[in-house]
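*Asks:* Just so you know, the sequences run in chain order A and B. Residue numbers for the first sequence follow UniProt numbering, beginning at 1 and rising by one. Residue numbers for the second sequence follow UniProt numbering, beginning at 1 and rising by one. Positions of the beta carbon are idealized from the N, C-alpha and C atoms, including for glycine. Please see the structure below; I have some questions.
There are 2 protein chains.
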Amino acid sequence: MANLKDLAEHLGLSQATVSRALNGYSTVNAETRRKVQEAARLLNYRPNTSARRLATGRAGAFGLVLEQSDNLLNDPHFVDFLSGFTQELAAQDLDVVLTSAEGLATYRRYASTSKVDGFVISAPKVKDARVAALTEMAFPFVVHGQTEADAPYAFYDIANERAFLDATRLLLNLGHRRIALINGPADTMFARQRLDGFHKALAEKGLPPDPRLIHHATMSEDEGYALTRQLFAGSEAPTAILCSSTLQTLGLTRRLREEGLEMGRDVSVISHDDGLSSMKTENFSVPLTVTRAPIREAGQEIARMLVALGNGASVETQQKTAPVELIVRASTSAAPQE
Amino acid sequence: MANLKDLAEHLGLSQATVSRALNGYSTVNAETRRKVQEAARLLNYRPNTSARRLATGRAGAFGLVLEQSDNLLNDPHFVDFLSGFTQELAAQDLDVVLTSAEGLATYRRYASTSKVDGFVISAPKVKDARVAALTEMAFPFVVHGQTEADAPYAFYDIANERAFLDATRLLLNLGHRRIALINGPADTMFARQRLDGFHKALAEKGLPPDPRLIHHATMSEDEGYALTRQLFAGSEAPTAILCSSTLQTLGLTRRLREEGLEMGRDVSVISHDDGLSSMKTENFSVPLTVTRAPIREAGQEIARMLVALGNGASVETQQKTAPVELIVRASTSAAPQE
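Below you can see the structure in the form of structure tokens.
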């Protein structure tokens with residue numbers, strides 16, 4: 001296996017010329033490029049990645065920083081996202097660089113040292129400091145979700161507000177009036193969007209929101225369980241619950257069973273469904289009515305957007321809000337007669 | 001912000017000398033090293049990662065290739081592994097490079113182009129071709145689990161055989177004789193090890209294994225459900241079930257409920273528990289008896305092993321089999337009287 005030096009010596013050319021020829025630079029004439037490429041084949045030349053990256057100025061990788069404080073990695077949804085993201089990039093010979101950190105320092109360092117060509121910003125806050133910092137550095141990134149920002153930025157979001165508006169309307173049309181919301185963390189944008197949709201639907205019926213029925217929590221089985229217990233502890237228990245993730249709904253299901261309540265008869269439930277491959281909402285004891293948007297597609301689409309930005313696309317052309325399906329199954333029914 | 005060229009010009013030294021000084025090479029004398037480092041601070045020098053990596057010959061990253069055929073990424077267990085692995089490396093300023101591929105070509109290419117300094121081999125087969133290939137290339141790797149190999153290799157495994165031996169013994173001591181096993185995929189080493197433990201315990205009581213009670217499947221809720229249905233469809237239903245993952249046990253639980261069977265009374269169940277943060281086995285409707293080994297620790301330990309190999313440790317010093325706890329909760333009880 002030949003390296004760049006071997007190849008340059010064999011051809012009687014400088015290493016710089018050989019490198020440029022291999023990378024298709026037009027400053028090297030076509031005949032030389034052809035000769036170099038033929039020799040590279042004959043001598044079984046393998047480029048050193050670091051050398052090639054130094055020559056092209058590209059890392060050939062996109063970064064994802066796992067924040068230790070948010071529980072992204074406690075979350076099976078994230079696996080499906082990562083699967084779509086990694087496969088889409090791998091098809092173009094591009095890598096995913098993962099690291100784990102707190103705060104902005106890692107983003108700045110990876111950008112300034114060309115470790116990656118761009119970032120995914122996961123689980124954006126309502127006003128996300130990472131977005132402001134990367135915009136100021138003019139470093140490419142795509143937000144998975146949206147945030148409040150002063151300048152346009154690339155993002156892939158799902159229609160969270162619309163989805164929870166439609167889901168709440170369905171429950172209202174079934175006659176429910178005491179509807180609870182088990183939402184994502186209060187500081188995330190998607191939770192804000194879902195709360196807005198929920199409020200809008202209530203407002204359409206002239207119903208004021210009841211703060212005792214609205215809760216924010218992480219996407220875990222435990223939290224779904226604990227909040228459902230809390231909801232049924234008081235005298236004003238809900239007749240319907242909207243839940244922001246399949247895992248929370250799993251805990252909710254456990255608690256309803258302990259309360260002796262049957263989902264779809266005593267309590268109506270609508271869950272958000274990220275299309276998880278490991279746990280299907282149609283397979284719950286009572287098949288779930290869901291707002292559904294496969295998170296795997298978000299991973300694929302964000303990969304494509306990052307590549308597009310790298311190829312010079314403007315951020316304004318890389319903004320997408322995907323629709324969310326409302327799928328009605330057995331966990332929703334008419335409100336019990338009082 | 002100064003680059004290497006700026007710094008070299010400022011100091012009147014060659015770029016090679018400055019680079020070596022910054023990377024602490026002893027071929028540059030101490031006084032020059034000191035001068036270079038001081039100037040780097042003053043001029044706010046940021047190394048280009050590709051350049052530094054070219055100089056040191058290290059990628060500063062370890063690779064994990066997601067095989068498209070095995071469903072590693074359908075698996076929430078993998079998230080906890082990745083979390084431990086990434087955080088441990090990040091603490092040492094090392095990255096994780098993820099890609100997705102089939103077969104050995106990617107391993108060869110990443111190794112030969114120095115994209116990474118070593119690999120994790122996940123979900124090894126009974127005789128794993130990746131291990132043979134990387135051993136032949138003398139490229140560093142740590143296997144998460146074990147495989148049949150001709151030469152020693154670095155690995156981190158858990159005591160799968162012992163765990164399932166102990167679990168089966170517990171069920172036998174409770175008087176169970178028709179014990180089913182819902183195992184991992186038949187071609188994986190961990191499933192083979194668990195089957196061996198199961199067989200040994202039966203043999204100790206002089207019981208022949210019943211092939212109708214032994215099944216191999218992927219680690220999903222669906223499979224746990226389908227196999228449990230199958231187990232109770234015939235006339236020779238089991239009184240106890242060993243299950244290889246929390247997700248399979250989730251499906252098993254769903255099916256037992258549909259069968260009108262109560263776990264811990266009508267049917268005893270022991271599940272393997274990877275210590276998932278998103279779904280806890282003590283929170284199942286009937287708290288589960290489990291064989292427990294947190295997969296997050298595997299991620300951390302394998303990260304440390306890869307770093308050690310990179311620093312020259314021999315593979316023989318990087319071999320570890322972690323113990324597995326048997327935790328008895330409410331899902332196991334004495335076999336029903338016939």
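Is DSSP giving A:H272 helix, strand or coil here?
*Replies:* Of the three classes helix, strand and coil, the one that applies to A:H272 here is strand, per DSSP.
*Asks:* Who does B:N311 pair with in a DSSP beta bridge?
*Replies:* Answer by DSSP bridge pairing: none, since B:N311 is not bridged.
*Asks:* If contacts are defined as beta-carbon pairs under 8 Å, then B:P183 and B:H215 qualify, I think. What distance do you get, rounded to the angstrom?
*Replies:* A small fix is needed here, since residue 183 of chain B is Asn in this sequence, not Pro. Contact holds; Cβ gap of about 7 Å.
*Asks:* Rounding to the nearest angstrom, what Cα-Cα distance links B:R58 and B:V116 in this structure?
*Replies:* Approximately 8 Å between the Cα atoms of the pair.
*Asks:* By the DSSP assignment, the beta strand (DSSP E) with B:Q319 in it spans what residues?
*Replies:* First-last of the beta strand (DSSP E) with B:Q319: 319–322.
*Asks:* Assess contact between the segment 248–265 of chain B and the segment 131–138 of chain B, defined as three or more Cβ pairs (one per stretch) separated by less than 8 Å. Is contact present?
*Replies:* In short, these stretches do not touch, since the Cβ pair count stays below three.
*Asks:* Take the Cβ of B:P294 as the centre, count every other Cβ of all protein chains shown within 10 Å, and call the residue buried at 16 or more, exposed below.
*Replies:* Burial call: buried.
*Asks:* With a threshold of 16 other CB atoms inside 10 Å of the CB of B:G312, please say whether the residue is buried or exposed.
*Replies:* By the neighbour-count rule (16 or more Cβ atoms within 10 Å), B:G312 is not buried but exposed.
*Asks:* Applying the 10 Å Cβ sphere with the 16-neighbour rule, what's the burial state of A:D95?
*Replies:* It counts as buried.
*Asks:* Find the residues of chain A that neighbour B:V96, judging by a C-beta separation of less than 8 Å, and give them in chain order.
*Replies:* Within chain A, the residues near B:V96 are V97, L98, T99.
*Asks:* In the DSSP assignment, find the beta strand (DSSP E) that holds B:H144 and state where it starts and stops.
*Replies:* First-last of the beta strand (DSSP E) with B:H144: 141–144.
*Asks:* Hey, how far is the Cα of A:R265 from the Cα of A:S333?
*Replies:* Rounded to the nearest angstrom, the two C-alpha atoms are 7 Å apart.
*Asks:* Could you round the C-beta distance between B:L306 and B:P140 to whole angstroms and report it? I think they count as a contact, below 8 Å.
*Replies:* With 8 Å as the limit, B:L306 and B:P140 qualify as a contact, their Cβ atoms being about 7 Å apart.
*Asks:* With DSSP as the reference, label A:G251 as helix, strand or coil.
*Replies:* Residue state, collapsed to three classes: helix.
*Asks:* Can you list the residues of chain B that A:V225 reaches, using a CB-CB cut of under 9 Å?
*Replies:* A small fix is needed here, since residue 225 of chain A is Tyr in this sequence, not Val. Per Cβ cutoff of 9 Å: N283.
*Asks:* With three or more C-beta pairs closer than 8 Å as the rule, is the segment 155–162 of chain A touching the segment 188–198 of chain A?
*Replies:* At 8 Å Cβ cutoff, the stretches touch.
*Asks:* Give, in chain order, every unbroken run of the beta strand (DSSP E) that is at least 3 residues long and sits entirely within the segment 73–109 of chain B.
*Replies:* Segments of the beta strand (DSSP E) lying fully in the segment 73–109 of chain B: 95–101.
*Asks:* Nearest CA to the CA of A:Y45: which residue from B:R304, B:S112, B:T321, B:S285?
*Replies:* Taking only the C-alpha atoms, the option nearest A:Y45 is B:S112.
*Asks:* Considering B:N160, what are the terminal residues of the alpha helix (DSSP H) in which it resides?
*Replies:* Taken as a continuous stretch (DSSP letters only), the alpha helix (DSSP H) holding B:N160 covers 160–173.
*Asks:* What is the rounded straight-line gap between the Cα of A:A335 and the Cα of A:S278?
*Replies:* Computed Cα separation, rounded: 31 Å.
*Asks:* Skipping 5 residues on each side, what residues in its chain have a beta carbon closer than 8 Å to that of A:A16?
*Replies:* So no residue of the chain qualifies.
*Asks:* Classify A:R194 as buried or exposed, calling it buried when 16 or more other Cβ atoms lie within 10 Å of its own Cβ.
*Replies:* The residue is buried, with at least 16 neighbouring Cβ atoms inside 10 Å.
*Asks:* Using the three-state DSSP reduction, which class does A:T218 fall into: helix, strand or coil?
*Replies:* DSSP places A:T218 in coil when its eight states are reduced to three.
*Asks:* At which residues does the beta strand (DSSP E) containing A:F119 begin and terminate?
*Replies:* 119–121 is the span of the beta strand (DSSP E), which, as asked, contains A:F119.
*Asks:* Which residues does DSSP list as the beta-bridge partners of B:G63?
*Replies:* Bridge partners of B:G63: B:V97, B:F119.
*Asks:* Nearest to B:S100 by alpha carbon, out of A:K320, A:A105, A:Q92, A:A101?
*Replies:* Minimum Cα distance to B:S100 is reached at A:Q92.
*Asks:* List, in chain order, every chain A residue whose beta-carbon is nearer than 8 Å to that of B:D222.
*Replies:* Result: K280, N283.
*Asks:* Entirely within the segment 182–214 of chain B and at least 3 residues each: give me those beta strand (DSSP E) ranges in chain order.
*Replies:* For the segment 182–214 of chain B, not a single whole beta strand (DSSP E) run of length 3 or above is found.
*Asks:* For B:A21, count the other beta carbons within 10 Å of its own beta carbon; 16 or more makes it buried, fewer makes it exposed. Which is it?
*Replies:* Buried is the call here.
*Asks:* Using a Cβ-Cβ cut-off of less than 8 Å, list which residues of the segment 57–68 of chain B approach chain A; keep chain order.
*Replies:* Answer in chain order: A59, A61, L66, Q68.
*Asks:* To the nearest angstrom, how far is the alpha carbon of A:T239 from that of B:P211?
*Replies:* One C-alpha to the other measures close to 48 Å.
*Asks:* Give me, in chain order, the residues of the same chain whose beta-carbon lies closer than 7 Å to that of A:L98; leave out the 5 immediate sequence neighbours on both sides.
*Replies:* Excluding positions up to five away in sequence, the list reads L64, L66.
*Asks:* Measure the alpha-carbon distance for B:D150 versus B:M219 and round it to whole angstroms.
*Replies:* So the alpha carbons of these two residues sit roughly 29 Å apart.
*Asks:* Residues in its own chain within less than 8 Å of A:D222 by CB, not counting five upstream and five downstream?
*Replies:* Excluding positions up to five away in sequence, the list reads G251.
*Asks:* By Cβ distance, which residues of its chain are closer than 7 Å to B:E259, with the 5 residues on each side in sequence left out?
*Replies:* Once the five neighbours on either side are set aside, the close Cβ partners of B:E259 are F232.
*Asks:* Check whether the Cβ of A:A16 lies closer than 8 Å to any Cβ atom in chain B.
*Replies:* Not an interface residue.
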